[in-house]
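Input: a single structure, listed below in structure tokens.
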Amino acid sequence: MSADPNDGTSERMSDVEALMWSLDADPVLSSTFANITFFDIAPDPERLRRRLWRATRVVPRLRRRVVDSFGPGTPVWEDDPTFDLDTHLRWVELPAGATDADARALAVQIAATPFDRTRPLWEFTVIDGLPDGRAAMVQKMHHTITDGKGGIRMSVEFIDAERDAPEPPQVGDGPPPAPARPPWAGAVDAVSGIPRRGADVVRRLAGTATDWARDPLQVASLLAALPAETAATTRSLVRQLGVVDSHRSPLWSGRSLDRGLETFEVSLADAKAAATALGGSVNDLFVAAAAGGSGSYHRREGVGVAELRMSMPVSTRTDRSPGGNAFTPTRVLVPLTEDPATRFAEVHERLAVTKTERAMGLTTSLAGLVNLLPQPMLVRLARQQVLTVDFATSNVRAAPFDLFIAGALITGNYPLGPIAGTAWNLTTMSYRGDLDLGLHVDLAAIPRPEQLRDDIAASFAELIALGTPKRRRRR
């Protein structure tokens, strides 16, 4: 018998999480994300085990599995009655002479391996045997557990600010507290903001985005019948959901399950100074560099492309809870303009529009409607939509100071963001004054990922030089 979602030992998935869970049946659409962390020494095994055990008592989803509901209901997170920490915390030893590249290759392999869907959806693997006594750890988690910001907050349970930090207080081993809000509250809140008069039309539009985007006259007649506020929201839905053309790159058309990972770093202080001087944010600089590197890659191959379509999650998180998801996926065309100043200005303007899209407020209710589709139709629709996107980006903040895990200093954090049917994902995590960047690629689309990495790194350098005063550059 399934647990009662209100008894404190389980909770219902949000509609957005249920959608990600359904799409995970197709490995191309998997929303698993990972991170490879490098250490100066290997973490202490017993200390790490104690801290992760405590984390599973404080963060309920770390010990819960997903149980599908009967009928149209969303799946439920239930306490795993056979939970065993040692199935989620693993240790491997690299052969003599192994390098950081070997650790990255292993991280890609671990990230690409599907989860056992009958167990909690996370896995930590410590990689020992790197040169100079160093080690690494691959932290792999399904996106249904939490988003990037939630993952950072979750990591507080096993990360310290000093090497010999005292052990935190022990916690009870009983059932977790009940969710702070009823499981249905999120869906109610999302729907309540839509004027009743326009709700049916918005649902019709969302359910047939491909068809109505091809028929401007139909869209115009529908918009004319809506209240002004709802019409503005619907126009936003057209921009975000009514994308019918394919991805823009003729070079990056191949898709497979073969993956590669490249990593590099950029000075956060330099990025901040340059972004401010250019009149924008670090995220603007980050996206402008990704677009600039993409442009260089295409021009070197003799291919002219003016724009590529990028997907980017926009955080909507307002609470301090570590679990759950609070983000909205967005799509935006980014320019590959060769002039860096012009490209930065255009990226800044387009991202400002994307972040204020009215459609973002309807994510939960739209996900609930889409979840009613049969799974084969749902997967086919999702496949069609991801094929409109060339690449994905994400920007996550970590700590500006030293962090430790079980006595080991973290020297670098490189994300493996979900590719989910695109050509590549570039995710950055700021740590200790650097942007640590992980370029996770589909090798069928990007057979030489090191070239794309170098192109993006060169684009960062060009933008930073452009926004850095000449006197400072000469020093």
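With my numbering, letter number 403 in the sequence shown gets 391, and the count goes up by one each step, no holes. Where a beta carbon is used, it is the ideal one built from N, C-alpha and C, also for glycine.
Within this structure, are the beta carbons of residue i and residue j separated by less than 8 Å?
| i | j | result |
| --- | --- | --- |
| Gly455 | Leu339 | no |
| Ala263 | Leu273 | yes |
| Gly464 | Thr415 | As shown, the chain starts at -11 and ends at 463. That puts residue 464 outside it, with no answer to give. |
| Val464 | Val275 | Past the boundaries of the shown model lies residue 464; the chain is included only from -11 to 463, so the question cannot be answered. |
| Asp246 | Leu431 | yes |
| Leu296 | Ala279 | yes |
| Ile494 | Ala22 | Outside the displayed range of the chain (-11 to 463) lies residue 494, so it cannot be described from this structure. |
| Glu1 | Val64 | Per the sequence shown, the amino acid found at residue 1 is Met instead of Glu. The answer is yes: Cβ separation under 8 Å. |
| Pro31 | Ile393 | yes |
| Asp152 | Gly395 | yes |
| Thr134 | Met142 | yes |
| Val320 | Ser237 | no |
| Met417 | Ala386 | yes |
| Pro435 | Leu427 | no |
| Leu73 | Arg39 | no |
| Asp378 | Arg420 | no |
Any heavy atom of the ligand SAM closer than 7 Å to the beta-carbon of residue i?
| i | result |
| --- | --- |
| Leu40 | Among the ligands in the structure shown, none appear at all, so the ligand SAM cannot be discussed. |
Can you tell which of the options has its C-alpha closest to the C-alpha of residue i?
| i | options | result |
| --- | --- | --- |
| Asp67 | Ile133, Arg385, Leu50, Val270 | Leu50 |
| Ala89 | Ala124, Leu245, Tyr419, Pro388 | Ala124 |
| Met300 | Val374, Leu324, Asp233 | Val374 |
| Glu5 | Trp41, Thr62, Phe26 | Thr62 |
| Gly281 | Ala259, Glu326, Thr318, Gly290 | Glu326 |
| Ala91 | Thr70, Phe332, Phe27 | Phe27 |
| Pro388 | Ala149, Ile434, Val377, Tyr402 | Ala149 |
| Pro33 | Thr113, Leu321, Val64, Leu451 | Thr113 |
| Trp41 | Ser57, Asn271, Ala30, Phe71 | Phe71 |
| Thr75 | Thr410, Ser10, Phe58, Asp104 | Asp104 |
| His235 | Gly85, Trp412, Gly426, Ala86 | Trp412 |
| Gly160 | Pro48, Asn383, Pro457, Arg288 | Pro48 |
| Gly409 | Ile452, Gln372, Val96, Pro457 | Gln372 |
| Ala84 | Glu(-1), Asn383, Arg122 | Arg122 |
| Ile452 | Asp258, Arg288, Val126 | Asp258 |
| Gln384 | Ile398, Leu397, Asp56, Asp422 | Sequence check: residue 384 is Val here, not Gln. Comparing Cα-Cα distances from Val384 to each of Ile398, Leu397, Asp56, Asp422, the minimum goes to Asp422. |
| Gln439 | Gly117, Thr376, Arg287 | Arg287 |
| Glu289 | Trp240, Pro328, Phe332, Thr330 | Trp240 |
| Thr87 | Val291, Pro328, Pro119, Phe332 | Pro119 |
| Tyr285 | Ala333, Leu324, Ser57, Ala329 | Leu324 |
| Ile467 | Arg420, Leu397, Ser382 | Beyond the ends of the chain as shown, which are -11 and 463, falls residue 467; an answer cannot be given. |
| Ser(-2) | Ser10, Thr318, Asp56, Leu11 | Asp56 |
| Thr376 | Thr318, Arg420, Asp390, Tyr419 | Thr318 |
| Leu11 | Pro102, Pro69, Val96, Arg35 | Pro102 |
Which one or two residues does DSSP pair with residue i in a beta bridge?
| i | result |
| --- | --- |
| Val320 | Met298 |
| Ser(-2) | Glu66 |
| Val335 | Partner(s): none; Val335 has no beta bridge. |
| Trp110 | Met129 |
| Leu397 | Phe392 |
| His428 | Leu249, Asn413 |
| Trp79 | Val114 |
| Leu404 | Ala22 |
| Tyr419 | Asp422 |
| Asn383 | Thr416 |
| Val254 | Leu423 |
| Asp148 | Phe392 |
| Phe27 | Ala123, Ile398 |
| Arg53 | Glu66 |
Between residue i and residue j, how many whole angstroms is the CB-CB distance? I'm expecting something under 8 Å.
| i | j | result |
| --- | --- | --- |
| Arg53 | Arg107 | 6 Å |
| Ala433 | Arg243 | 7 Å |
| Ala13 | Phe146 | Their Cβ separation, rounded to whole angstroms, is 31 Å, which puts Ala13 and Phe146 out of contact at 8 Å. |
| Lys128 | Glu111 | 5 Å |
| Tyr402 | Ile29 | Their Cβ separation, rounded to whole angstroms, is 19 Å, which puts Tyr402 and Ile29 out of contact at 8 Å. |
| Val429 | Gly248 | 5 Å |
| Met298 | Val270 | About 16 Å separates the two Cβ atoms, so there is no contact after all. |
When the cut-off is 8 Å and only beta carbons count, does residue i lie next to chain B?
| i | result |
| --- | --- |
| Ala261 | Protein chain content of the structure displayed is limited to a single chain, and chain B is not contained in it. |
I want to know whether the segment 429 to 449 touches the segment 234 to 252 - three or more CB-CB distances under 8 Å. Contact between the segment 429 to 449 and the segment 234 to 252 is present, because at least three Cβ pairs lie under 8 Å.
Would the segment 69 to 85 and the segment 6 to 26 be scored as touching if the rule is three or more Cβ pairs under 8 Å? Output reads no: the segment 6 to 26 does not touch the segment 69 to 85.
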